[in-house]
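First up is the structure itself, then whatever we jot down about it.
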Amino acid sequence: MSTTNESAPRLHVVVADKRVASHAPASRSTRPPLGQGLRTPLSHRVGEFVIHAMALAAVLAIALIFLFIAKEALPILFDTAAQDEIGGLSALVVPRQWPGYDVAQYVWQPVGEIPKLNVVPLFVGTLKVTLLSMLFAVPLAVGAAVYVSQYASKRSRELLKPAIELLASIPSVVLGFFALMILATFVQGLLGTTYRLNVIVASLGLTLAIAPLVFTISEDALSSVPKDLVHAALALGARKHQVVLRVVLPAALPGIAAAVILGLGRAIGETLVVLMASGNAAVVELFDPTTSARTVTATIAAELGEVTQGDPHWRVLFLLGTLLFVVTFVLNRAGALVIDRLHKRLSGGAA
Amino acid sequence: MRYARADWVLAGLSALCVALLLGTTLLLLGLIVRHGAGQISVEFLTSEPASDLTGGGIFPAIVGTIVLTLLMTITGVPVGIATGIYLAEYAPRGSRIAAVVRAAVQNLAGVPSIVFGLFGLGFFVMFVGRGIDDLVYGPGEPVWGRPAVLWSSLTLAVLTLPVVIVATEEALRTVPHDLRMGAMGLGATKFQTIFRVVLPQASSGILTGVILAISRGAGEVAPIIFTGAANYLPYLPTDLRDMHMHLGYHVFALSTQSPNVDAARPALFGTVLVLLTLTFTLNLAAVLLRNRARAHAMAHA
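Quick mapping for you: the protein sequence lines, in order, are chains A and B.
The first sequence runs 1003 to 1353 under the numbering used here.
The second sequence runs 10 to 310 under the numbering used here.
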């Protein structure tokens, strides 16, 4: 019978920090504080300055990424000449009756006499592929996390966890290749779909990309639920499944929510799998998963290489990139906040 | 009885999830090994690819991947380790700046790889590269302001930064405080303590992060599509301004842009096998190293 692992490493850190605080001399003595001798050589101070400066690289990187993608995108919002070229800014989202069409339609067809740059089909594609893959990946990953954290023996846990995480180390181009070459044939044989590459195939490939992430975060959350809770429930006569479903899962729910949020962010941003396996036809069809789909990420990857710099098409692709950045940024912050709160709740309860 | 059955159902269902995940992984690996193993030969590994994307060897792709990850490591890892040192050793407790840096690292890890591609093109190629061209060469053919191995490896260096930072901070935090106190008590400066005492103790943990970063960088394709990767190049990258082939990009190009995918199929499986062998070897090394680092930390705790 096994339940949870040792206390989370986070607790260890807190303890260590407290120890420093108690060692630090509070009184004002003539002795310099530890580690800051009277003669700190210049070279050491230069080294420390370099470390502090380099530490800002990540902040700088985030800022530069946003700035330089938005910089290429923004002119489309203000440059009326460019807007006229694509039939007005509203043509990006509102259906238009283009010459040769019987009714107003959402069309993404960037190459042609009039570039038709309606992004709705791309959003539909991303939405369909993302939601379907979440539908596959979340139950699978959370179920696996429940087994590994609640049922597996300590030894098999130490084998299973890295084995599932090995899946996370497979490059997405390989997962795309697997979906394209093998899953597509399998799905077509099984369901007899008209199109070999479709939303189902892409979603299955994407599932392999996000399930390990959702698994890892969920497993961490599940196994950081204090053992006291589990023992108390068992002592009251609860069966194992009651403990898991009514005590452990609810306690870890914020962590699982965070796993879903972060998994969603990853699924929306994943490029190679959908580029290779979704068929890439920009269709507006909300509910049929056997049609092809063109996602936002795949569109950028497939088209940017062939666009003239500064074209409206170029600007719209960067606009899509900016949007992608903002959406994943918000999802990641939300996921991180939820995890932080979970840790505070669990460690607050234990201390 | 009813309860006992429910126990089995939950255990069985969750075990099934594990089996499905692992089973698919094994299926993927098994099929790739089965179809790819026959393709691996000295000739395949050391000859040039066919110019029409139908197969041939993968030597330039192997060399391109190695050059790319080397440059990425040289440029990115020092910055990542420095940031980790700052977060673990220098940032005061409750520091605002450290909180911002941590949030930035977290977010950087979640930026989609295709967005890194846009960034690499917009910033490195068009801003930095063109900037150098304007300054040094004046108007004319771009020299630095076009896709090149330097730009794709810098893009990947930014992408893998969080992996190195998180691993470094974590590794430094497992080094016992007594060691720092002891070193500083003997008169070492904080800088000396960190570089002579703490860093060597944390080295295997940091190395784990570096290896994971390399493995991640070697497999990413989306960030290098616009910043340096080429469909087909008969020569190897010998200059920072050269474009390069890449194992992952080669897989993408052969399977989506080949005029004859059936002809390219054996070479495709072979390339995937080589790429997977590379990333798995790196990951396995990282896992082993991490276990060693943990055992080491436990022994000293």
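We put the CB at the ideal spot given by N, CA and C, even for glycine.
Being a predicted model, the structure only gives us computed values, none of them experimental.
Exercise for the section: Please state if the CB of Ile1067(A) and the CB of Val137(B) are separated by a distance shorter than 8 Å. Expected result: Translated into the one-based positions of the second sequence, residue 137(B) becomes position 128. Translated into the one-based positions of the first sequence, residue 1067(A) becomes position 65. A distance of 8 Å or more separates the beta carbons of Val137(B) and Ile1067(A).
Exercise for the section: State yes or no: is the beta carbon of Ala1165(A) nearer than 8 Å to at least one beta carbon in chain B? Expected result: By 1-based counting over the first sequence, the position of residue 1165(A) is 163. For Ala1165(A), the answer is yes, since a Cβ of chain B falls inside 8 Å of its Cβ.
Handout entry: Ala1143(A) - DSSP class collapsed to helix/strand/coil
Key = Numbered from its first residue, the first sequence carries residue 1143(A) at position 141. Here Ala1143(A) carries a helix assignment [DSSP, helix/strand/coil].
Handout entry: Check whether Ala231(B) and Ile123(B) have beta carbons under 8 Å apart
Key = Translated into positions along the second sequence, residue 231(B) becomes position 222. Translated into positions along the second sequence, residue 123(B) becomes position 114. Here Ala231(B) is near Ile123(B), since their CB atoms are less than 8 Å apart.
Practice task
For the region 66 to 85 of chain B and the region 1284 to 1292 of chain A, state whether three or more C-beta atom pairs, one from each stretch, are separated by less than 8 Å.
Solution key: No, the region 66 to 85 of chain B does not touch the region 1284 to 1292 of chain A.
Handout entry: Three-state secondary structure (DSSP) of Arg111(B)
Key = Residue mapping note: residue 111(B) aligns to position 102 of the second sequence, counting from 1. Taken through DSSP and simplified to helix, strand or coil, Arg111(B) comes out as helix.
Practice task
Select from the region 1221 to 1253 of chain A all residues with a C-beta closer than 8 Å to any C-beta belonging to chain B, and list them in chain order.
Solution key: Correct list: Arg1241, Lys1242, His1243, Gln1244, Val1246, Leu1247.
Exercise for the section: Can you say whether Trp17(B) is buried or exposed, counting buried as having 16 or more other CB atoms within 10 angstroms of its CB? Expected result: The residue given as residue 17(B) occupies position 8 in the second sequence. Label assigned to Trp17(B): exposed.
Exercise for the section: Mind listing the chain A neighbours of Leu284(B)? Cutoff is C-beta to C-beta under 7 Å, in chain order. Expected result: To locate residue 284(B), count along the second sequence from 1; it is residue 275. Near Leu284(B) (Cβ distances below 7 Å), the residues of chain A are Pro1173, Val1176.
Exercise for the section: Pull up the distance between the alpha-carbon of Gly65(B) and that of Leu170(B), whole angstroms please. Expected result: In the second sequence, residue 65(B) corresponds to position 56, counting from 1. In the second sequence, residue 170(B) corresponds to position 161, counting from 1. When rounded, the separation of the alpha-carbon atoms in Gly65(B) and Leu170(B) is 35 Å.
Problem - Contained alpha helix (DSSP H) runs [length at least 4] in the region 1101 to 1187 of chain A, N- to C-terminal order - result: Entirely contained in the region 1101 to 1187 of chain A, the alpha helix (DSSP H) runs reaching 4 residues are, in chain order, 1122 to 1148, 1156 to 1170, 1174 to 1180.
Exercise for the section: Give the DSSP-derived three-state secondary structure of Gly65(B) in the structure shown. Expected result: For this step, residue 65(B) is matched to residue 56 along the second sequence. In the structure shown, Gly65(B) sits in a strand (DSSP, three-state: E or B).
Problem - His255(B) in three-state terms, based on DSSP - result: Looking up residue 255(B) in the second sequence gives position 246. Assignment of His255(B) by DSSP, reduced to helix, strand and coil, places it in the coil class.
Problem - Residues, ordered as in the chain, of the region 1184 to 1214 of chain A that lie near chain B by beta-carbon distance below 7 Å - result: Those residues of the region 1184 to 1214 of chain A that come within reach of chain B (Cβ to Cβ, closer than 7 Å) are Ile1184, Leu1210, Ala1213.
Exercise for the section: Count the C-beta pairs between the region 1259 to 1276 of chain A and the region 1329 to 1343 of chain A that are closer than 8 Å, then say yes if the count reaches three, no if not. Expected result: Yes, since at least three Cβ pairs between the region 1259 to 1276 of chain A and the region 1329 to 1343 of chain A fall closer than 8 Å, the two stretches touch.
Problem - Continuous alpha helix (DSSP H) stretch holding Ile1258(A): start and end - result: Counting from one through the first sequence, the residue named residue 1258(A) turns up at place 256. Annotation: the continuous alpha helix (DSSP H) that includes Ile1258(A) extends over 1251 to 1271.
Handout entry: With 16 other Cβ atoms within 10 Å as the buried cut-off, status of Leu22(B)
Key = The residue you call residue 22(B) lines up with position 13 of the second sequence. Taking every protein chain shown into account, the CB of Leu22(B) has fewer than 16 other CB atoms within 10 angstroms, so this residue is exposed.
Practice task
Can you pull the chain A residues whose beta carbon is under 7 Å from the beta carbon of Thr33(B), in chain order?
Solution key: For this step, residue 33(B) is matched to residue 24 along the second sequence. Contacts between Thr33(B) and chain A, judged by CB atoms closer than 7 Å, involve Leu1210 in chain order.
Handout entry: Exposed unless 16 or more other CB atoms sit within 10 angstroms - verdict on Pro69(B)
Key = Here residue 69(B) refers to the residue found at position 60 of the second sequence. The residue in question, Pro69(B), is buried, as its Cβ has 16 or more Cβ neighbours within 10 Å.
Practice task
Compile a chain-ordered list of the residues in the region 261 to 272 of chain B whose CB is closer than 8 Å to at least one CB of chain A.
Solution key: Answer in chain order: Phe261, Ser264, Thr265.
Problem - Sub-8 Å separation of Gly126(B) and Thr265(B) beta-carbons - result: One-based indexing of the second sequence puts residue 126(B) at position 117. One-based indexing of the second sequence puts residue 265(B) at position 256. The Cβ atoms of Gly126(B) and Thr265(B) lie no closer than 8 Å to each other.
Exercise for the section: Put Ala306(B) into one of helix, strand or coil per three-state DSSP. Expected result: Within the second sequence, numbered from 1, the residue matching residue 306(B) stands at position 297. It is helical.
Problem - Any chain B beta carbon closer than 8 Å to Glu1074(A) - result: Position 72 of the first sequence, counted from the first residue, corresponds to residue 1074(A). Closer than 8 Å: yes.
Exercise for the section: Could you say which of Ile1258(A), Arg1268(A), Leu1161(A), Glu1160(A) lies nearest to Val1340(A) if we only look at CA atoms? Expected result: Here residue 1340(A) is taken as the residue at index 338 of the first sequence, counted from 1. Among Ile1258(A), Arg1268(A), Leu1161(A), Glu1160(A), the Cα nearest to that of Val1340(A) is on Ile1258(A).
Handout entry: Reference Leu1348(A), options Ala1254(A), Gly1145(A), Val1095(A), closest by Cα
Key = Taking the first sequence and counting its residues from 1, the one referred to as residue 1348(A) is at position 346. Looking at the Cα atoms, Ala1254(A) is the closest of the given residues.
Exercise for the section: Any chance you could list the alpha helix (DSSP H) runs of at least 4 consecutive residues sitting entirely within the region 1295 to 1345 of chain A, in chain order? Expected result: As far as the region 1295 to 1345 of chain A is concerned, its whole alpha helix (DSSP H) runs of at least 4 residues are 1298 to 1305.
Practice task
Closer than 6 Å by C-beta to Ala1284(A): which residues in its own chain qualify, once you throw out the five before and the five after it? Chain order, please.
Solution key: One-based indexing of the first sequence puts residue 1284(A) at position 282. Cβ within range, chain order: Trp1110, Pro1123, Arg1296.
Practice task
Return the residues of the region 1253 to 1282 of chain A that lie within a Cβ-Cβ distance of less than 8 Å from chain B, sorted by chain order.
Solution key: Of all residues in the region 1253 to 1282 of chain A, those with a C-beta nearer than 8 Å to a C-beta of chain B are Leu1264, Gly1267, Arg1268, Ile1270, Gly1271, Glu1272, Thr1273, Leu1274, Leu1277, Met1278, reading in chain order.
Handout entry: Classification of Tyr244(B) by the beta-carbon crowding that lies within 10 angstroms, buried from 16 upward
Key = For the purposes of this step, residue 244(B) is taken as the residue at position 235 of the second sequence. Label assigned to Tyr244(B): exposed.
Handout entry: Contacts that Ile94(B) makes with chain A (C-beta to C-beta distance below 7 Å)
Key = By 1-based counting over the second sequence, the position of residue 94(B) is 85. Taking the beta carbon of Ile94(B) as reference, the chain A residues within 7 Å of it are Ile1053, listed in sequence order.
Problem - Euclidean distance between Cα positions of Thr1082(A) and Ile1088(A) - result: As a first step, residue 1082(A) is located in the first sequence; it is residue number 80 there, counting from the start. As a first step, residue 1088(A) is located in the first sequence; it is residue number 86 there, counting from the start. Spanning the alpha carbons of Thr1082(A) and Ile1088(A) requires a straight line of approximately 10 Å.
Problem - Contacts of Asn1334(A) in chain B (Cβ-Cβ under 7 Å) - result: By one-based count along the first sequence, residue 1334(A) stands at place 332. Ordered by position in chain B, the residues that pass the 7 Å Cβ test against Asn1334(A) are Gln115, Asn116, Gly119.
Exercise for the section: Measure the CB-CB distance between Thr247(B) and Arg299(B) and report whether it falls below 8 Å. Expected result: Against the second sequence, residue 247(B) aligns to sequence position 238. Against the second sequence, residue 299(B) aligns to sequence position 290. Thr247(B) places its beta carbon 8 Å or farther from that of Arg299(B).
Practice task
Compute the distance between the beta-carbons of Val110(B) and Ala1065(A), then report whether it is under 8 Å.
Solution key: Working through the second sequence from its first residue, we reach residue 110(B) at position 101. Working through the first sequence from its first residue, we reach residue 1065(A) at position 63. Contact flag unset, no.
Exercise for the section: Identify, in the order they occur along the chain, each residue of the same chain with its Cβ nearer than 6 Å to the Cβ of Thr1273(A), setting aside the five sequence neighbours on each side. Expected result: To locate residue 1273(A), count along the first sequence from 1; it is residue 271. Here the set comprises Thr1299, Ala1303.
Exercise for the section: Please work out which residues of its chain come closer than 7 Å, Cβ to Cβ, to Val281(B), disregarding the five sequence neighbours upstream and downstream, and give them in chain order. Expected result: Along the second sequence, one-based indexing puts residue 281(B) at 272. Cβ within range, chain order: Ile41, Gly45, Val260.
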